[in-house]
Every structure is written in C-alpha cells, then in structure tokens.
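In the numbering used here, the protein residues as written are 2 to 260.
Note sheet for the following structure.
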Amino acid sequence: MGKVLSIVSQKGGVGKTTTAVNLAAAFARRGMKTLLVDVDPQGSVRYGVGLRQGADTRGFADYLRGARTLREVILPTAMPWLRVMLVGSVTDGADHSDYQARVAASDLLPRMLQAARERCDVVVVDTPPGLGPIARRVLESTDRVLVPLQAEPLALQTTPQILRSIQDVVGANPALTLDGILLTMYEAGNPACERTVKYIREHLPAAMVCDVVIPRSFALAEAFAAGQPAVVRDPADAASQAYVNLAMQVAERLAAPTE
Ligand SMILES: Nc1ncnc2c1ncn2[C@@H]1O[C@H](COP(=O)(O)OP(=O)(O)OP(=O)(O)O)[C@@H](O)[C@H]1O
Ligand SMILES: [Mg+2]
Numbered sequence: 002m003g004k005v006l007s008i009v010s011q012k013g014g015v016g017k018t019t020t021a022v023n024l025a026a027a028f029a030r031r032g033m034k035t036l037l038v039d040v041d042p043q044g045s046v047r048y049g050v051g052l053r054q055g056a057d058t059r060g061f062a063d064y065l066r067g068a069r070t071l072r073e074v075i076l077p078t079a080m081p082w083l084r085v086m087l088v089g090s091v092t093d094g095a096d097h098s099d100y101q102a103r104v105a106a107s108d109l110l111p112r113m114l115q116a117a118r119e120r121c122d123v124v125v126v127d128t129p130p131g132l133g134p135i136a137r138r139v140l141e142s143t144d145r146v147l148v149p150l151q152a153e154p155l156a157l158q159t160t161p162q163i164l165r166s167i168q169d170v171v172g173a174n175p176a177l178t179l180d181g182i183l184l185t186m187y188e189a190g191n192p193a194c195e196r197t198v199k200y201i202r203e204h205l206p207a208a209m210v211c212d213v214v215i216p217r218s219f220a221l222a223e224a225f226a227a228g229q230p231a232v233v234r235d236p237a238d239a240a241s242q243a244y245v246n247l248a249m250q251v252a253e254r255l256a257a258p259t260e
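The following block contains the structure:
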C-alpha cells in the first residue's frame, strides 16, 4: 500500500505545483510507481508535465461528473514510472463552483485516492491555494502533507493560519502527518530571505520544517514553460538537486514503519 502526499498551502503562488511536479518526477526517477494528481481547477500540472498538446483534457473533474472512468483519466507521461491525473475539463470554464460543490458533496475524491494508494508507491496531490473545500477534502484522505512556504517576511503571517487549519484536519484524520514546511524560492544573500528562514527555524520545532530548502532558480520556471520537470530537464540545477534530495528524504520516511 502506497501513501498519499499532498501539497497544500494557505497562500497562492508559493511553489505548490512546482513542488508537486518535481517531487513526483524525482520519485519516479527513483523507480517508485508514482501518480501525480491535480485537483486544482487552474489545472497547471498539465503544462509542467508536458501534456498541453491535443484537445484531450480529460481528468478528475470528468470522472467526478461520471463522464469518464478512473482508468480513462490516468494518463502516461514520458517517464515510465510516472502517471498523471489532470484536473480535467473544469479548467475550460471560468466558474469552478459546480466542481467545488461536487468534490465537497461526494465521496469520489477519497475513493479515487484510496484506489490510487492501493496501486502506487506514492500519490502526489497538487491542491488549489487556500484551505477551501477541495484542499480540506484532500487532507481528509491524505497520509502526509507538505506545506511550501515562500522564504519572504509575508510568509510569517500565514504560517500560524495554515498550522491551525492542519491541526483542525488532523482532528478529522488522525492518520495525517505534517511532513514539513518546505521553504521555497530562497535567495542566499538576500537579508529578508535569510531573516525569514532563521525566524522559522528558531520558532518552529525542527521536525516541522524540512531540512531541504528550495533555492530560487530560473531553471524551474524555464523547465515548466518547456513542459518538463526541472529534475529531468536540468538535473544539475541547484533547485532540481534540492527536489531530488527532498524526494530521497520523504521516500525514506514513507518507507519507515509507521510510529
Ligand atoms: N524555487 C523557485 N524559483 C523560482 N521560481 C519559482 C520557484 N518555485 C516556483 N517558482 C515560480 O513561481 C510561480 C508560482 O509557482 P507555482 O505555480 O508552483 O506556485 P503555486 O503555489 O502552485 O501557485 P497557485 O497557488 O497559483 O497554485 C511560477 O511562475 C513558478 O515557475
Ligand atoms: Mg499551483
């Protein structure tokens, strides 16, 4: 039985999708059978893993509507151990409220994640920003959660909020473990970045913050635009290496017997 690892954060634009795509690719490169699931109606995963061609945008939302079977929405990628479930045709419309309501009202999301967990070593879930009904539903069926946090002073204001919400969810799902807060877009030599990281490390328990910090790197955005995970396109880049190290650490924790 594999594990569901969700990427969640209160704030938008902090590197959730970048983390989900690169971690999933790094797991797959280690030979772990990996499914990357996008439940964010923005549907950004599609671009990062290079599935933009063609009109076929089937995905989770279409499964949710009963228009597709689970098997039909699991797509192969260029990597043998990586499969992807896009969010689907919901991205075509501007109004995502129907999709949100369906996710909240049905048990198809937890059932899909359970089926995926049974067939994979790891299921990486990219969520929309904030802790709305979709992220909450995902967290109810999640084993481990990673919370990317942009290494900037504003991050300090959203951290208590997200920690509180995770505590809330842990109440509903005692199996959930916070795998850690992941500091992203770190710029060495930038005093505001350095102060933020120092503050976080001093004020939060060590186990709550990932050792790995993701540096700011142009290679990540470039790889995304080219439709490839940076860990594949530019493995020598410092941010790619950070994601590979993070995948190694998370994989070790996933393999460890549960406490
Ligand atoms: N370490 C990094 N270095 C440089 N740019 C980065 C880094 N991580 C992410 N980015 C860029 O920052 C932007 C936001 O990243 P991303 O889309 O991963 O965030 P997100 O949290 O998924 O956003 P949203 O909340 O909208 O889903 C993108 O343009 C991405 O390429
Ligand atoms: Mg995103």
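Every residue gets a Cβ at the ideal spot worked out from N, C-alpha and C, and that includes glycine.
The model shown is predicted, which means the values in this text are computed figures rather than measured ones.
Same chain, Cβ closer than 6 angstroms to residue i, neighbours up to 5 away in sequence not counted
i	result
residue 225	49
residue 162	11
residue 13	130
residue 85	37, 50, 76 and 78
residue 87	39, 47 and 60
residue 247	213
residue 1	Residue 1 falls outside the range modelled here, since the chain spans only 2 to 260, and no answer is possible.
residue 45	18
residue 166	132
Residues near residue i in its chain [Cβ-Cβ closer than 8 angstroms; skip 5 each side]
i	result
residue 6	24, 123, 124, 125, 126, 143, 144, 145, 146, 147, 180, 251 and 255
residue 104	40, 65, 110, 134, 135 and 138
residue 154	193, 196 and 197
residue 74	59, 60, 61, 63, 64, 86, 87 and 89
residue 71	64, 113 and 116
residue 200	157
residue 119	2 and 3
residue 202	210
Three-state secondary structure (DSSP) of residue i
i	result
residue 190	coil
residue 241	helix
residue 201	helix
residue 151	strand
residue 164	helix
residue 20	helix
residue 1	Given a span of 2 to 260 for the chain in the structure shown, any question on residue 1 remains unanswerable.
residue 144	coil
residue 9	coil
residue 83	strand
residue 134	helix
residue 93	helix
residue 126	strand
residue 210	strand
residue 177	coil
residue 236	coil
residue 111	helix
residue 78	coil
Cutoff 7 angstroms; reference residue i; Cβ partners in own chain excluding five residues on either side
i	result
residue 209	179, 181 and 182
residue 220	231, 235, 238, 240 and 241
residue 198	152, 184, 187 and 214
residue 82	29, 32, 33, 34 and 35
residue 26	80, 83, 230, 232 and 233
residue 218	238, 239 and 240
residue 176	144
Pick from the options that is closest to residue i, judged by C-alpha positions
i	options	result
residue 171	98, 214 and 137	137
residue 4	114, 93 and 19	114
residue 100	149, 37, 177 and 62	62
residue 18	227, 202 and 128	128
residue 121	43, 44, 2 and 157	2
residue 169	156, 140, 159 and 158	140
residue 94	176, 108 and 42	42
residue 22	253, 258 and 228	228
residue 190	173, 216 and 202	216
residue 16	258, 204, 244 and 167	244
residue 206	102, 223 and 164	164
residue 211	223, 222 and 249	249
beta-carbon residue i near ligand 4 non-hydrogen atom, thresh 6 angstroms
i	result
residue 130	The model on display carries ligand 1 and ligand 2 but not ligand 4.
Quick check on the DSSP output: what are the complete beta strand (DSSP E) runs of length 3 or more inside the stretch 24–72, in order along the chain?
35–39
Considering only heavy atoms of ligand 2, list every residue whose Cβ is less than 5 angstroms from one of them, following chain order.
17, 18 and 45
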